[in-house]
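In what follows, a single structure is set out as structure tokens and then discussed.
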Amino acid sequence: MLTSRTFVKRTRAGAVVKVVREHYLRDDIACGAAACRLCPPAPPAPGTGTGSAPGLEARPSGPASSLCPGPHFLLPDTNLLLHQIDILEDPVIKNVIVLQTVLQEVRNRSAPVYKRIRDVIQNKEKHFYSFTNEHHRETYIEQKRGETANDRNDRAIRVAVKWYNEHLKKVEDEEKIQVIFLTNDRINKEKALEEGITAYTCEEYIKSLTANPELVDRLACVSDEGKEIEGGKIIFPEHIPLSKLQQGIKSGIYLQGTYRANRENYLEATVWVHGDAEENKEIIVQGLKHLNRAIHEDIVAVELLAKDEWVAPSSVVLQDDGQNEENMENEEEKENILKTSINKDMLRPTGRVVGIIKRNWRPYCGMLSKSQIKEARRHLFTPADRRIPRIRIETRQADTLEGQRIIVAIDGWPRNSRYPNGHFVKNLGSAGDKETETEVLLLEHDVPHQAFSQAVLSFLPKMPWSITEEDMKHREDLRHLTVCSVDPPGCTDIDDALHCREIGNGNLEVGVHIADVSHFIRPGNALDEESVKRGTTVYLCEKRIDMVPELLSSNLCSLRSNVDRLAFSCIWEMNHKAEILKTRFTKSVINSKASLTYAEAQMRIDSATMNDDITTSLRGLNKLAKILKKKRIDKGALTLASPEVRFHMDSETHDPIDLQTKELKETNSMVEEFMLLANISVAQKIYDEFPEFALLRKHPAPPPSNYDILVKAAKFKNLEIKTDSAKALAESLDKAESPTFPYLNTLLRILTTRCMMQAVYFCSGMDNDFHHYGLASPIYTHFTSPIRRYADIIVHRLLAVAIGADSTYPELTDKHKLAEMCKNLNYRHKMAQYAQRASVAFHTQLFFKTKGVVNEDAYILFVRKNAVVVLIPKYGLEGTVFFEEKDKPTPKLEYNSEVPSLTVEDTTLHIFDKVKVNIMLDDSNIQHQKMRMVLVEPKILGNDTCASLSAEASSKDEPEKKKKKLQK
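Numbering (UniProt numbering), first residue to last: 1 to 968.
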């Protein structure tokens, strides 16, 4: 049956047009109930493969309800699905009908919830069924004159519930199945009851599941933000409605930006303003009322304050440690601490949050701070991320959840509540447990780590796999070449292999062979979509979260020795001065003759007795690499340092038993030089071929102010660091030597690393600055690691099209889609780095747990107003030595930002001073365990804080060590 839908819409020019759309109605749409013989078999659910859809069970096996003891299906409305998705995802809740009307509304209002409900519908064990009510002849309804779209949709849902109940009565079964309507909308529920529909609120139904009391904790607090807790004192100003905010942003009264909370001071945040305007790019917000219930990463509207109200970024550390949320006087005291006397030059544009444009809440990991009141149900939850405020939740399981890592979701933040309201989602396990902490670390850094789905795995090649004639089309057979790989010990995802041989004319042929991952991952399929979502492999201390399934990463794509593998080869003809005479690219088949570690390759190069083909090839490569490196450094490439650590694990407990800084061999540099050369060669080729949509990588030059700390530190040591170009910087770092202080050069290079900007992926058609500052290269990309980086897969696809080895597809030549993809890849790459650092920090804590107090040499890396940041070279470990202790007398502190130095009583500490510190693990706060550093030498007279700290673990409320903010 054909009907039409009519609606009006406004064009960009402002005209109003009437749109008429054809709308087909059918009577062969299945109800999804397994017991129903009246309907045709249900079609397969997307992503579940062949066969009929799982659908609704013939005998619903859901939990027993005291309200409706008989067999029943549930049918939720839109708001319930949006707010109570945690309840619907629980394994206990089964046999739910999700209407097309509801799905469409959810899709328009929340992409993350829409994805979650689609995943639940595809889970066969849940028996959720998506019913296309908008195309069913008996459940489709027209919008009445004067009826809002919302009211029409509510009516459509009630019509569908009534139809289901009538329809299921016709099913020949001794026990009739009822459909229960779940809604938290009071008016909708009243109308449903008037129409004879059985309807309950989510809370009523969940509380009726007497065998599952734990589900009550997962109920979202659905009171509107405007609906205040009875009798509470108003703390925060009202949020301006979205329509007024948008007008204000258009007229320039308000500015729109991303809200970034301060990890070290809960009363301060920064709003990064969207748009290209140079002024007021970064706005400081200080004080509870001005922060006005914004949460880290929200999109907010801010109003600039008058210039005489501007403030400077505070240098104090303030953690929210109060249990008593009514004590607002305490907050005012803390806010006064921020307003200390400040140099006028330090003032920055300051504003206040007037409204929220988009909430970017996510589920948060953390721990329960149990209420002191006996039998209390209301407790505060402390997130692991210090940028997130505490969350008030209601739970009956407080005793069970104490000491556990849990997940909590935020539901809303009323004006009269010091903290937002939320609900319990999931218990992850005991705090401090290695598995639990790794899970927290992955969740908090948004690392996708669930097992690969069947839909993804279905696109893998069938085993046993071998190279076919079809695979050999557009491919060169290079199996005769002496190719070998050089990697860290234990590496199973071998991306790259190399060869070097002399050719007839006396020149050298050098090849870099990279795993041909794009042969196995075809554009647009589920495997490709999962890989782009993950973006990168994440390497933790004893775990690897793969970007692609293991069959590819550790087997078919890994260039292991003595097996045939598909590769993408970059081959140069060079003379003995490492000058490139010719470059060519080809898809190939290789057979690696050896999988070596860096140490094994080094041993072969240095050996006087070994002269086989592999060793000869390695020596040729090493000789060329040294020349290439010298050329690169002469052009101004930077050689920087960062203290990396490696753990030696106990083979049984997998606990770290030794910790040492990583030692780099000549062969590390050899491999690196050829990878850099391949990346530069490929970047030039794909840019020449596709100037508008090449995926490249750039490293912007840092603004001069970034180098202030480095220049001041070097000046104090009577050294000059020039920062006007990368070459000038590299040369002055090479000259910055001190015969009496050999480690000084390494410290300067570590400090230089901290001054750098983040390297990023970008699309060539959307940018005009291609330069890579650190490598001193005019163009650069990533080609050499497609097993662990998705950017390289796109580069492989572009290069394959450029040499005629593969065909293109629309997304590959859409610069806007590529730019969007680059944004995701940059985010995933950054999160992977943070997760790796967090993993090192956690394993460092495990290592020191059994060590007690350890005394080590350290160097001062940064000087703060009340602390110094030190680096311990032996462990590559960084930590903060505080000179102020809660409930202890504060020593006299004098900070000099010009030198940088800090005078504590009569002892002056300068940047780069060598000191002795005691290191211990402070586990007094189980959620925020940290390495504790205490100064032992030089001894500070009249300050017993340091002495007393050596003997005892820190107080629970000591601020977390201050981390140097990386320049993004």
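Just so it is clear, CB atoms sit at the ideal spot from N, CA and C, and this is done for glycine as well.
Query raised in the report: Counting only runs that start and end within the segment 228-283, where is the alpha helix (DSSP H) found for 4 or more residues in a row?
Result: Counting whole runs of 4 or more residues, the segment 228-283 contains the alpha helix (DSSP H) stretches 242-251.
Query raised in the report: If we ignore side chains and look at the alpha-carbon of each, how far apart do residue 442 and residue 823 end up?
Result: 20 Å
Query raised in the report: Is it a yes or a no for the segment 812-831 touching the segment 703-720, going by three-plus beta-carbon pairs under 8 Å?
Result: no
Query raised in the report: Do the CB positions of residue 602 and residue 673 come within less than 8 Å of each other?
Result: no
Query raised in the report: Any idea if residue 284 is buried or exposed, counting beta-carbon neighbours within 10 angstroms, 16 or more meaning buried?
Result: buried
Requested in this report: Name the residue from 430, 550, 485 and 532 whose alpha carbon lies nearest to the alpha carbon of residue 457.
Outcome: 550
**Report entry** Paired residues, beta bridge with residue 725 - DSSP
**Finding:** Residue 725 is not bridged to any residue.
Report task. Just the C-alpha distance for residue 266 and residue 420, rounded to the nearest angstrom, thanks. Result -> Their backbone Cα atoms lie some 14 Å apart in a straight line.
Query raised in the report: Alpha carbon to alpha carbon, how far is residue 127 from residue 116?
Result: 15 Å
Query raised in the report: For residue 494, which residues from the same chain have a beta carbon less than 7 Å from its beta carbon, with the 5 sequence-adjacent residues on both sides left out?
Result: Excluding sequence positions up to five before and after residue 494, its CB lies within less than 7 Å of the CB of 485, 487, 558, 559, 560 and 595, all in the same chain and listed in chain order.
Requested in this report: Compare the C-beta of residue 835 against all C-beta atoms of chain B and say whether one is closer than 8 Å.
Outcome: Reference to chain B is not applicable here, since this structure consists of a single protein chain.
Query raised in the report: Would the beta-carbon of residue 298 fall within 8 Å of that of residue 359?
Result: yes
Query raised in the report: Which residues in the same chain have their Cβ closer than 7 Å to the Cβ of residue 107, if we skip the five residues on either side of it in sequence?
Result: 114
Report task. Please go through the same chain and pick out, in chain order, the residues whose beta-carbon is closer than 7 Å to the beta-carbon of residue 461, but skip the five residues on each side of it. Result -> Closer than 7 Å at Cβ, skipping near neighbours: 520 and 556.
Report task. Label residue 735 either buried or exposed according to how many other C-beta atoms from any shown protein chain fall within 10 Å of its C-beta, with 16 as the threshold for buried. Result -> Exposed, by the Cβ-count rule.
Query raised in the report: Which runs of the beta strand (DSSP E), 3 residues or longer, sit entirely within the segment 677-753?
Result: 695-698
Query raised in the report: Is DSSP giving residue 491 helix, strand or coil here?
Result: In the structure shown, residue 491 sits in coil (DSSP, three-state: anything other than H, G, I, E or B).
Query raised in the report: Looking only at its own chain, which residues have a Cβ that is under 7 Å from the Cβ of residue 197, when we skip the five neighbours before and after it?
Result: The residues are 158, 161, 162 and 181.
Query raised in the report: Are the segment 184-194 and the segment 62-72 in contact at 8 Å, needing three or more beta carbon pairs?
Result: no
Query raised in the report: How would you write the range of the alpha helix (DSSP H) that residue 626 sits in, first residue to last?
Result: 613-635
Requested in this report: Report the partner residues of residue 1057 according to the DSSP bridge assignment.
Outcome: Outside the shown range of the chain, which is 1 to 968, sits residue 1057, and nothing can be said about it.
Query - N- and C-terminal bounds of the beta strand (DSSP E) containing residue 164 - result: Careful: residue 164 lies outside any beta strand (DSSP E), inside the alpha helix (DSSP H) at 149-169.
Query raised in the report: Looking at the structure shown, is residue 481 part of a helix, part of a strand, or coil, going by DSSP?
Result: Collapsing the DSSP output to three states places residue 481 in coil.
**Report entry** Pairwise C-alpha distance: residue 863 and residue 901
**Finding:** If I take the Cα positions, the gap works out to 6 Å.
Requested in this report: Can you say whether residue 1057 is buried or exposed, counting buried as having 16 or more other CB atoms within 10 angstroms of its CB?
Outcome: Limits of the chain in this structure are 1 at one end and 968 at the other, which puts residue 1057 out of reach.
**Report entry** Alpha carbon of residue 169 to alpha carbon of residue 78, nearest angstrom
**Finding:** 26 Å
Requested in this report: Using alpha carbons as the reference points, say which of 795, 451 and 39 lies closest to residue 568.
Outcome: 795
Report task. On the DSSP bridge assignment, give the partners of residue 536 in chain order. Result -> For residue 536, which the question treats as bridged, DSSP gives the partners 789.
Report task. Quick one: give me the first and last residue of the beta strand (DSSP E) that residue 855 is part of. Result -> Following the DSSP letters along the chain, one finds residue 855 inside the beta strand (DSSP E) bounded by residues 854-863.
Query raised in the report: In terms of residue numbering, what span does the beta strand (DSSP E) encompassing residue 411 cover?
Result: 404-412
Report task. Might you give, ordered along the chain, the residues of its own chain that have their beta carbon closer than 7 Å to the beta carbon of residue 914, omitting 5 neighbours on each side? Result -> Cβ neighbours of residue 914 beyond the five flanking positions: 857 and 859.
Report task. Taking residue 868 as the reference, give the member of 894, 854 and 156 with the closest Cα. Result -> 894
Query raised in the report: Comparing alpha-carbon positions, which option in 512, 809, 743 and 543 lies nearest residue 969?
Result: In the structure as shown, the chain starts at 1 and stops at 968, and residue 969 therefore has no counterpart that could be examined.
**Report entry** Cβ separation of residue 58 and residue 35, assumed to be a contact under 8 Å, to the nearest whole Å
**Finding:** 4 Å
Requested in this report: Identify whether residue 924 lies in helix, strand or coil by the three-state DSSP scheme.
Outcome: coil
Report task. Measure the C-alpha to C-alpha separation of residue 767 and residue 241 and round it to an integer number of angstroms. Result -> 36 Å
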